Each structure stands twice: as C-alpha cells, then as structure tokens.
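These protein sequence lines are chains H and Y, in that order.
Take the first sequence: its letters are residues 507 to 735, numbered as in the working numbering.
Take the second sequence: its letters are residues 507 to 735, numbered as in the working numbering.
Every residue gets a Cβ at the ideal spot worked out from N, C-alpha and C, and that includes glycine.
From a predicted model like this one, the values you see are computed outputs, not experimental measurements.
To keep things clear, I will list the structure first and then write my remarks on it.
Protein chains: 2
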Amino acid sequence: MVDGYSFEDKVLMAVDCIIFGFDKEELKILLVKRDFEPKKGEWSLMGGFLKKSETLDGAASRILHHLTGYHEVFMEQLHIFSEVDRDPVERTVSVAYYALINIEDHNAELNKQYSAQWFSVLEIPNLIFDHNKMVQHAIRRLRYKTSKDPIGFELLPQKFTMRQLQKLYEAILNEKLDKRNFINKINSLAILVKLEDKDMGSSRKGSFLYSFDEEKYKKKIEEGFYFRL
Amino acid sequence: MVDGYSFEDKVLMAVDCIIFGFDKEELKILLVKRDFEPKKGEWSLMGGFLKKSETLDGAASRILHHLTGYHEVFMEQLHIFSEVDRDPVERTVSVAYYALINIEDHNAELNKQYSAQWFSVLEIPNLIFDHNKMVQHAIRRLRYKTSKDPIGFELLPQKFTMRQLQKLYEAILNEKLDKRNFINKINSLAILVKLEDKDMGSSRKGSFLYSFDEEKYKKKIEEGFYFRL
DNA sequence: ATTAATAAGTGTATATTTTACATTTTCAAT
DNA sequence: ATTGAAAATGTAAAATATACACTTATTAAT
Numbered sequence: 507m508v509d510g511y512s513f514e515d516k517v518l519m520a521v522d523c524i525i526f527g528f529d530k531e532e533l534k535i536l537l538v539k540r541d542f543e544p545k546k547g548e549w550s551l552m553g554g555f556l557k558k559s560e561t562l563d564g565a566a567s568r569i570l571h572h573l574t575g576y577h578e579v580f581m582e583q584l585h586i587f588s589e590v591d592r593d594p595v596e597r598t599v600s601v602a603y604y605a606l607i608n609i610e611d612h613n614a615e616l617n618k619q620y621s622a623q624w625f626s627v628l629e630i631p632n633l634i635f636d637h638n639k640m641v642q643h644a645i646r647r648l649r650y651k652t653s654k655d656p657i658g659f660e661l662l663p664q665k666f667t668m669r670q671l672q673k674l675y676e677a678i679l680n681e682k683l684d685k686r687n688f689i690n691k692i693n694s695l696a697i698l699v700k701l702e703d704k705d706m707g708s709s710r711k712g713s714f715l716y717s718f719d720e721e722k723y724k725k726k727i728e729e730g731f732y733f734r735l
Numbered sequence: 507m508v509d510g511y512s513f514e515d516k517v518l519m520a521v522d523c524i525i526f527g528f529d530k531e532e533l534k535i536l537l538v539k540r541d542f543e544p545k546k547g548e549w550s551l552m553g554g555f556l557k558k559s560e561t562l563d564g565a566a567s568r569i570l571h572h573l574t575g576y577h578e579v580f581m582e583q584l585h586i587f588s589e590v591d592r593d594p595v596e597r598t599v600s601v602a603y604y605a606l607i608n609i610e611d612h613n614a615e616l617n618k619q620y621s622a623q624w625f626s627v628l629e630i631p632n633l634i635f636d637h638n639k640m641v642q643h644a645i646r647r648l649r650y651k652t653s654k655d656p657i658g659f660e661l662l663p664q665k666f667t668m669r670q671l672q673k674l675y676e677a678i679l680n681e682k683l684d685k686r687n688f689i690n691k692i693n694s695l696a697i698l699v700k701l702e703d704k705d706m707g708s709s710r711k712g713s714f715l716y717s718f719d720e721e722k723y724k725k726k727i728e729e730g731f732y733f734r735l
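Structure follows, in structure tokens:
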C-alpha cells in the first residue's frame, strides 16, 4: 500500500481558462500567444498544469492571477476535455474554467508581457488543440448562467447605467432586447440601487448610474431564482 | 521535446459513477461495497481509473458496463473533484459521471457479484471519501435536467403510464405534483404516443400505456426548450 | 346482479407573467 | 430658442401557470 494504486496510469492535467470581459459594447475573451512548442506563436487559452499540491480551483486561480494580476475573481469549473490525442505532445487531460472579470481595471502591462489580447466572442481566431470547443462551451454556459444568476456584478464596473447592463445581456445572449421590458424585469429583481449621480458620457441628458445591492444580490442567488429575459 | 512536458506533475484520475434508476416509486442509485483497502467494506460509488488509452467518457462507459452489463446508456460528465486529500492513499482527482438506466432490466446477477445494492436517494448511507458530495451534486444536476430535457426516456421502461411518469418527476423533484396539470403539461410537449393497451397492475380500471415518440423527443431536446413543472 | 372499492381520467376559471409597443423628457451645443 | 440625441417611462393584450372536484371504468365481494 506504500505504492498507492501502483499499477494505474497517471496523466498530466492541464487547466485552461476562458477569461470573459465586457468593454461596454462587446463580450470578449482574453487570449494569449503561445510561447512554447508545439504550436508556438498561435492563439491559445491561458493555461497551465495542475500541481500535486493544489486543487483544480487553486490551479485555475493561480493561472488567472499570473496573467491578469487579479485575485478573488469569479471562476467556475466548466468541463473536462479528454480526447486521447488532444495534445500532440503527450496525453493530457484539460480542465476548462471560465472567469468573469471587470475589463476596465485589468492590467494592460500584463497583456504585453504575455502577448495577450482581447477578442470579441464573435470573432475568435483559430486556437490550438480543442480550445475553440472550450470557448463555445463556455459561451453556452455563460448564456445559461444569465437565467440563473444576475451576472452583471462580475463583469461591470461598480457603477453602471441601465443601458450598459442591457448591452451586457445583449452581448451574452447575442440578441436585442426591448429597453422597457428589460428595465422592468431587472427592477422586479430588486437587486439594484439607483444612485444620485449620472453618467454624462453617452448623452446630453445623462443617464443615472446604478450599483448592485450586494446583500440582496447574494440572497437572490441563494434563492435560486429563474430569470428569463 | 521527446519527454513531453517533462517537469510537470502527473496525477491519478479516477472516474466515479452515480447510477440512477427508478423503480416505479423511488429514485435510486446503485452503490457497491468497496472490496479493497482503504475503506474496504464501506459503501462507495462504482469507480475505476482512467487509462492512458481512453477518454473519460470511455472510461465511464467501461466502468458502468462492468458493473451493470449495460451498453449505450445515457451518461454525462458531472464535475471534477480535486481536493488534495480526498483519497488518503494517493493524490487522486476524480471525475464524477452520472448515468440514467432503466432499473427493470438491470442484471441482478451483477449486483451480487459486486455486492451492489440500490438505495433510495432519500436514504444514502455514508460513502467513502467525497462520494456523498458527488451524489448530492448529481441529484441537483438531475433536477436541473428535468427543466431542460424530458428525462423519462432513459429511466422508464418502454411502455409506462402517465402516473409512473408523474411519479418519476415527483421522485426527482422531491415534491408532489397536481395530476391534471402534469398531464396537461406533458401533453403540450407532444412527445408521447398513447398506446392501445393498458396496464392492469395498479387499478381495476387499468391505465393506458404510453411510449415516447423518439423522433419528436429528440427534436424537442435539440430545440432546447425550457420545461417547468 | 347489485354494491363497494379503487384508481383513472378529465376541464375551466382565475391569477400571473410575458410581450409588444410610442411618446415625452432632459439638456448641451449651436 | 432651436435642434439633436439618448434617457425615461406605462399599459393593454396575449400567453402561461395555477388551483381545484367530480365522473368513469372495472372487478371483487356479496
């Protein structure tokens, strides 16, 4: 028993991260140029390998932090990809995670360092291995998530306008929504606080800023409500 | 490059299966008595290790077939569990799969061979490692799945009564449903065929048998409908 | 053959939710 | 003061979900 389950195969486990951001108009993901063989120079998800001493969640956080400088970001396991030949170098199983970050205060320096770049989810380039499949999977999951959680918290700056929130939903769902119905629906959730100040950036009139009421927001999620736009 | 990613850690990957069945009254899962150390003699999910030459889906099917004799069963990846100490013998990451099988023509011989036993999901014993957590996760997933797919196909015999179908949903959701509303809702999906013959087992009057219209059923799933009972 | 027992089968009215849709307001720039 | 541009706002109609109770068919017992 000293040897553990000694006759069983061991495999390498990669963790690849689909990092979502929203830039007021478009839903984007952060991709890096791979800097080692094979497929050096091609676009890829940010990834790394699981170490024996960490959990998968831990590995995913480590990798994300490495690239973005962020701690404490929303991340969730997506799916495991295990086609035998998915990595031509060696049998590697990859666990995909997706993360939601506020693109605004993302550290641009790090992007240079890793040759990282934001891409609209509508224009994802060819990625190495099965990474395109992972991205599509993540987009589906994010769409699903909109019907279960109010996702804005993670992807928007602290203060935002109704229109920005609507555009976020539109970007994720890839469909236009009716303004009045959207506002009514969001208000019925009662998770927003209307602030005094306005954002003057987008019109002469200016539009009121909102922020999430964190407490109500969390309670809502726990209740497991179903939210259909 | 001959050595691949030679400095990275490799880990053992287990696959554990939550096997759901329905016996006309209760939602059940199939558990086995573990026959090797550690935790020999305790209840456990049916599991095994991933081999280098197979995918995770392949491993899950292999393991399921081994225990139940079934091929071609609905199975789906659930979640990966990777707590560092989850297996006291050795660092092992486990991928949980859940399967839906028709309990009726399940091979009872194999149950003896593996000391396997069906347990109501309402009375799951203490399981080894983090297997109880996996089971709870699987039940949540199955509940969610009812709102997205008509799940009966996998869990019921080919012919079944409306009442059996209702009981299946009630068992999964763990709540009573209204008979008339249930029937109306199911009929509105238009995926069932009402057969000529009746099941005389449960009443003097007898109740009509139904079966799924496989084609409509598959079309419905593809459409991605949302189904709320 | 009448009766009793048992589960099957069936419909509707009300409440709730979702959808579609157009005008007025504000204010900075000219 | 006029203009332009986006923000803000409400309602009626349609669709969906819910609550709810009696009749029917059959057979086993008398």
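Identify, in the order they occur along the chain, each residue of the same chain with its Cβ nearer than 7 Å to the Cβ of residue i, setting aside the five sequence neighbours on each side.
| i | result |
| --- | --- |
| E610/H | P663 |
| G712/H | K704, D705, M706 |
| R647/Y | L584, Y604 |
| D488/Y | Nothing can be reported for residue 488/Y, as the shown portion of chain Y is limited to 507 through 735. |
| K724/Y | none |
| L715/Y | K665, F666, T667, L701, D703, K704, D705 |
| E582/H | Y603, Y604 |
| R540/Y | K546, G547, E548, S550, I634 |
| N687/H | none |
| K722/Y | A696, I697 |
| D591/Y | none |
| R734/Y | S653 |
Whose C-beta lies closer than 8 Å to the C-beta of residue i among residues of the same chain, with five residues either side of it excluded?
| i | result |
| --- | --- |
| S717/Y | Q664, K665, F666, L698, V699, L701 |
| V641/H | I524, I535, L551, V627, I630, L633 |
| S709/H | none |
| Y732/H | S653, K654 |
| K545/Y | I634, F635 |
| N638/Y | I630, N632 |
| K651/Y | I657 |
Since residue i and residue j are thought to touch, with beta carbons under 8 Å apart, how far apart are those beta carbons, to the nearest angstrom?
| i | j | result |
| --- | --- | --- |
| I692/Y | L562/H | I692/Y to L562/H, Cβ: 39 Å. No contact. |
| G510/H | E629/Y | Wrong, their Cβ atoms sit about 33 Å apart, outside the cutoff. |
| F542/H | L661/H | That belief does not hold up - the Cβ atoms of F542/H and L661/H are roughly 31 Å apart, past 8 Å. |
| K685/H | Q672/H | 7 Å |
| Q619/Y | K530/Y | Not confirmed; about 25 Å, so no contact. |
| A677/Y | F528/Y | 6 Å |
| L616/H | L570/H | 11 Å between Cβ atoms; not a contact. |
Whose C-beta lies closer than 6 Å to the C-beta of residue i among residues of the same chain, with five residues either side of it excluded?
| i | result |
| --- | --- |
| A565/H | V521, L556 |
| L606/H | F526, F580, E660, L661 |
| E729/Y | none |
| T598/H | L518, A520 |
Should residue i and residue j be called a contact, given that it needs their Cβ atoms to be closer than 9 Å?
| i | j | result |
| --- | --- | --- |
| I727/Y | Y603/Y | no |
| V626/H | L683/H | Sequence check: residue 626/H is Ser here, not Val. Not closer than 9 Å, so no. |
| R649/H | L695/H | no |
| A622/H | V538/H | yes |
| N608/Y | G575/Y | no |
| E560/H | R568/H | yes |
| G553/H | S588/H | no |
| D719/Y | K558/H | no |
| I657/Y | L674/Y | yes |
**Asked** Along the chain, which unbroken stretches of the beta strand (DSSP E) at least 3 residues long are found entirely within the stretch 522-580 of chain H?
**Response** 533-539, 552-555
**Item:** Runs of beta strand (DSSP E) wholly within the stretch 693-723 of chain Y (minimum 3 residues, chain order)
**Value:** 698-705, 713-718
**Request:** Note down, in chain order, all residues in the stretch 567-594 of chain H with a beta-carbon under 7 Å from any beta-carbon belonging to chain Y.
**Result:** Q583, H585, I586, S588, E589, V590
**Residues within the stretch 541-557 of chain Y neighbouring chain H, beta-carbon criterion of under 7 Å** = E543, F555, L556, K557
**Request:** For the stretch 512-530 of chain Y, enumerate the residues whose C-beta is nearer than 7 Å to any C-beta of chain H, in chain order.
**Result:** E514, D515, K516, V517, L518, M519
**Item:** Members of the stretch 596-617 of chain Y that neighbour chain H once the beta carbon cut-off is set at 9 Å
**Value:** E596, R597, T598, V599, V601
**Message:** Counting only Cβ-Cβ distances shorter than 7 Å, please list the residues of the stretch 647-666 of chain H near chain Y, keeping chain order.
**Reply:** none
**Item:** Minimum length 4: unbroken alpha helix (DSSP H) runs contained in the stretch 603-687 of chain H
**Value:** 614-619, 637-652, 658-661, 668-679
**Message:** What are the residues in the stretch 688-719 of chain Y lying within 7 Å of chain H by C-beta distance?
**Reply:** none
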